[in-house]
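The sequence shown begins at 14 in the numbering used here and counts up one residue at a time.
Each residue gets a CB set at the ideal place from its N, CA and C atoms; glycine is no exception.
Working notes, beginning with the structure itself.
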Amino acid sequence: MASIDIRFGGYQGAFSVHNRAATVFGDTLAQALGDDLAFELVPDVTAQGHNAVDLLDMVTSGEMTFCYFASSYLADRVPEFALLDLPFAIRDRAQAYAMLDGPLCQYLADRIDEVADFRVVSWWDNAFRHLSNSVRPIRRPADCAGLKIRTLKSDLYMQSFSALGFEPVFYDVKDLAPAVASGAVDAQENAISNTYNMGIAEHHRYITLSGHFFGPAVVLCHKQTYDGWPAEVRMAVDTALATATAAQREFAATEETSVIAKFDPAHNEVITLSEDERAEFAAAVQPIVEATVGRFRDQLFEFLPKS
């Protein structure tokens with residue numbers, strides 16, 4: 014009988030970048046622990062009637078051993094997490110990974126460890142976030158005026174989209190596709206793979222590759238469970254997480270390129286911003302950036318990679 018029981022929870026389709034990486038984690042760990050391991054991946058808790066955000070409570074209680082989740086949802090516990098979500102601050106993945114693997118994210122992981130019953134054990138690539146809408150092409154902030162946009166449950170996200178002229182609203186991920194299909198929202202912002210795989214592009218003709226946020230995802234582990242494992246199990250878990258993280262980042266970069274190529278010009282207009290257009294967006298949200306940075310110690314901001 015297995016002595017190590019691990020449940021890994023997610024909120025996406027079985028073949029998403031994150032769930033493929035979670036599978037790599039389970040397979041790698043099984044090679045190390047053999048029959049001592051019972052590993053279960055629950056790829057989409059929303060299919061069981063949960064909201065995606067319920068994963069945070071599930072890993073807090075130990076019902077789930079691990080989960081992945083957007084890091085922005087941790088800002089209510091550790092406000093400095095907002096520094097990961099500064100709009101238009103990250104230009105490419107090299108810059109993003111320097112941030113994820115650098116002192117800022119180590120500081121944030123240490124802070125979460127102080128206040129939560131879970132800990133951050135890996136940083137994954139939640140992709141650059143891009144705009145889609147059903148009304149008109151978006152090339153400048155003026156094009157955003159009056160559009161109701163679904164975004165994440167984050168004060169910084171809400172403030173940023175308001176500054177661009179949108180009317181931001183929050184829907185849980187399980188309610189996103191119905192909100193788009195019904196016209197309850199005019200626009201949404203997401204990883205391009207989610208826009209494609211969730212069928213959003215069937216309703217939103219206009220897709221703007223804005224890259225307005227780079228979305229980190231955290232892998233969280235129930236603290237008491239992790240601390241209760243023998244040292245050799247913790248070492249095997251850490252090694253498997255490192256393997257899964259390397260695979261996840263490769264999956265994310267490859268998928269973004271491949272998904273963009275799948276859009277049919279007859280049905281979707283994919284818009285790439287010029288440098289001047291991107292600069293207009295960045296200027297519109299600059300007061301939000303300055304206010305966010307001003308809330309925290311100067312040395313924390315220095316942890317961020319500079320564009």
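- Per DSSP, the beta-bridge partners of glutamate 282 are Tyr219.
- Threonine 164 has Phe183 as its beta-bridge partners, per DSSP.
- Counting only runs of 4+ residues, the alpha helix (DSSP H) found wholly inside the stretch 89-172 occupies 106-113 and 116-128, in chain order.
- The alpha-carbon separation between asparagine 210 and lysine 275 amounts to approximately 11 Å.
- In this model, leucine 97 and serine 167 are separated by some 12 Å (Cα to Cα).
- If you draw a straight line from the Cα of leucine 160 to the Cα of alanine 192, it is about 14 Å long.
- Put simply, of Pro300, Tyr219, His31 and Gln25 the residue whose alpha carbon is nearest the alpha carbon of leucine 254 is His31.
- Between the stretch 38-45 and the stretch 246-263, the count of C-beta pairs closer than 8 Å reaches three or more; the two stretches touch.
- Between the C-alpha atoms of aspartate 199 and valine 186 there is a straight-line separation of about 16 Å.
- With fewer than 16 other Cβ atoms from the protein chains shown falling within 10 Å of its own Cβ, glutamine 299 counts as exposed.
- Sixteen is the threshold: when 16 or more other Cβ atoms of the shown chains lie within 10 Å of the Cβ of serine 206, as they do, the residue is buried.
- Remark: fewer than three beta-carbon pairs, one from each stretch, lie closer than 8 Å, so the stretch 66-75 and the stretch 271-287 are not flagged as touching.
- Residue pairing for glycine 196: DSSP places it in no beta bridge.
- Phenylalanine 179 has its alpha-carbon roughly 17 Å from the corresponding atom of valine 302.
- Following the DSSP letters along the chain, one finds aspartate 251 inside the alpha helix (DSSP H) bounded by residues 244-273.
- Annotation for phenylalanine 21: Ala35, Leu54 and Phe79 place their beta carbon closer than 6 Å to its own, counting only its chain and skipping 5 residues before and after.
- Taken through DSSP and simplified to helix, strand or coil, alanine 292 comes out as helix.
- By the beta-carbon neighbour count (other beta carbons within 10 angstroms, threshold 16), threonine 164 is buried.
- Residue burial annotation: alanine 214 is buried, with at least 16 other C-beta atoms found within 10 angstroms of its C-beta.
- Under DSSP, glutamate 53 takes part in a beta bridge, and its partners are Arg20.
- Where phenylalanine 38 is concerned, the enclosing alpha helix (DSSP H) starts and stops at 30-46.
- The criterion of a C-beta distance shorter than 8 Å is not satisfied by aspartate 89 and lysine 236.
- Around the CB of glutamine 61, fewer than 16 other CB atoms lie within 10 Å, so the residue is classed as exposed.
- Counting C-beta atoms within 10 angstroms of its own C-beta, serine 145 has 16 or more neighbours from the protein chains shown and is therefore classed as buried.
- Take the alpha-carbon of alanine 260 and the one of valine 231: they are about 15 Å apart.
- Excluding sequence positions up to five before and after glycine 307, its CB lies less than 8 Å from no other CB in the same chain.
- Secondary structure note for tyrosine 209: its alpha helix (DSSP H) is the uninterrupted segment 205-210.
- Comparing C-alpha distances from alanine 111 to each of Pro229, Thr270, Ser147 and Ser195 shows the shortest one belongs to Pro229.
- By the beta-carbon neighbour count (other beta carbons within 10 angstroms, threshold 16), aspartate 48 is exposed.
- In the displayed model, phenylalanine 309 falls within coil according to three-state DSSP, outside both helix and strand.
- The beta carbon of histidine 143 is closer than 8 Å to those of Glu202, Asn203, Ala204, Ile205, Thr208, Ile220, Thr221, Leu222, Ser223, Gly224 and His225 in its chain, skipping five residues each way along the sequence.
- DSSP places tyrosine 86 outside any alpha helix (DSSP H), giving it a letter other than H or E.
- Cysteine 157 and serine 147 have their C-alpha atoms some 12 Å from each other.
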